[in-house]
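Colleague: When you line the sequence shown up against the working numbering, it's residues 903 to 1069, in that order.
Yeah, the Cβ is synthetic: ideal placement off N, Cα and C, and Gly gets one too.
Below are the structure tokens for one structure; questions will follow.
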Amino acid sequence: MIRRWNSVALVLAALAMLAGLGVGPASAASDALFGPRIGISSSPDQLVLGGQVEFPEFAEHLTVDPNLELGFLDHVTTVAINGDFLYHFQIRDTQWTPYAGLGLGLVVTQFDRDVFGPVDSETDVGANLILGAGVPTRSGSRFFTELRAGLGDLPQLKIMAGWNFRM
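Structure below.
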């Protein structure tokens, strides 16, 4: 029981830290995007649901995109908190903007327990290599897809898609 509360406290502390990244000039906050993300992961094989915030460029073509993901299935539940740094490439004659990046991730994994067994969980830290592309929509939001390769004790591979809206 104490492990579960420690995991919850760790997740809440990380969320507060990620929310603090958005503190800054009002004009920068109004340029931020937020929205849902959904996908699948490998090792563990899961359905992943979550949300993210895309903060405006703090350097040319570079954004910070923290996100929170919840994974289900494969007899485990995972909560991942990621802080991604993405470089957006500018390509002429297309609305799609490819990007590549690196992110740090914290994953809390809770394993399904036996009927009489204790709840077992673990917390791991690692990095993600990220490749993706985004495209603006007519309404001013942005659709994206990405491939994430986990380094360390993070899920090995994730295929994600999402939709970001202006704040």
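What residues in its chain sit with their C-beta under 6 angstroms from that of Gln-954, if we drop five residues either side in the sequence?
Modeller: Counting only Cβ-Cβ distances below 6 angstroms, and skipping sequence neighbours, we find Arg-939, Asp-967 and Asn-969.
Colleague: Could you tell me the alpha carbon to alpha carbon distance between Leu-861 and Trp-1065, rounded to whole angstroms?
Modeller: Here the chain has residues from 903 to 1069 only, and residue 861 is not among them.
Colleague: Could you say if the segment 1028-1038 and the segment 1000-1007 meet the contact criterion of at least three C-beta pairs nearer than 8 angstroms?
Modeller: Taking 8 angstroms as the limit for Cβ pairs, the verdict is that the segment 1000-1007 does touch the segment 1028-1038.
Colleague: Express the C-alpha separation of Pro-958 and Asp-986 in angstroms, rounding to a whole number.
Modeller: Taking the straight line from one Cα to the other gives about 13 angstroms.
Colleague: Which residue spans inside the segment 960-1012 form an unbroken beta strand (DSSP E) run of at least 3?
Modeller: Runs of the beta strand (DSSP E) inside the segment 960-1012: 964-974 and 978-990.
Colleague: Which residue comes first and which comes last in the beta strand (DSSP E) that contains Ala-1029?
Modeller: Counting along the chain, the beta strand (DSSP E) containing Ala-1029 begins and ends at 1022-1038.
Colleague: If you follow the beta strand (DSSP E) that Arg-1068 is part of, which residue opens it and which one closes it?
Modeller: Looking at the DSSP string, the run of the beta strand (DSSP E) that includes Arg-1068 is 1059-1068.
Colleague: For Asp-1055 versus Val-1009, is the C-beta distance shorter than 9 angstroms?
Modeller: Going by C-beta atoms, Asp-1055 is nearer than 9 angstroms to Val-1009.
Colleague: Let me make sure I understand the geometry here. Which of Gly-1034, Thr-1047 and Val-978 has the alpha-carbon closest to that of Asp-1014?
Modeller: When only C-alpha atoms are compared, the closest one is Val-978.
Colleague: Of the choices Tyr-989, Thr-1025, Gly-937 and Leu-949, whose alpha-carbon is the least far from that of Glu-962?
Modeller: Out of Tyr-989, Thr-1025, Gly-937 and Leu-949, Tyr-989 has the C-alpha closest to the C-alpha of Glu-962.
Colleague: Answer yes or no: do Ala-934 and Pro-1057 have a C-beta to C-beta separation smaller than 9 angstroms?
Modeller: Cβ atoms of Ala-934 and Pro-1057: not closer than 9 angstroms.
Colleague: Might you give, ordered along the chain, the residues of its own chain that have their beta carbon closer than 8 angstroms to the beta carbon of Gln-948, omitting 5 neighbours on each side?
Modeller: Ile-942, Gly-973, Phe-974, Leu-975, Asp-976, Val-978, Thr-980 and Pro-1057.
Colleague: From Thr-1011, Thr-996, Trp-998 and Met-1069, pick the residue whose C-alpha is nearest to that of Pro-946; which is it?
Modeller: Nearest of Thr-1011, Thr-996, Trp-998 and Met-1069 to Pro-946, Cα basis: Thr-1011.
Colleague: Looking at C-alpha atoms only, which residue of Asp-995, Pro-1000 and Ser-1041 is the closest neighbour of Thr-965?
Modeller: For the residues Asp-995, Pro-1000 and Ser-1041, the minimum Cα distance to Thr-965 belongs to Pro-1000.
Colleague: Taking the alpha-carbon of Phe-936 as reference, which of Ser-1023, Ser-1043, Met-1062 and Pro-1038 has the nearest alpha-carbon?
Modeller: The shortest Cα separation from Phe-936 among Ser-1023, Ser-1043, Met-1062 and Pro-1038 belongs to Ser-1043.
Colleague: Could you tell me the distance, in whole angstroms, from the CA atom of Arg-1040 to the CA atom of Phe-1067?
Modeller: Distance between the alpha carbons of Arg-1040 and Phe-1067 is about 12 angstroms.
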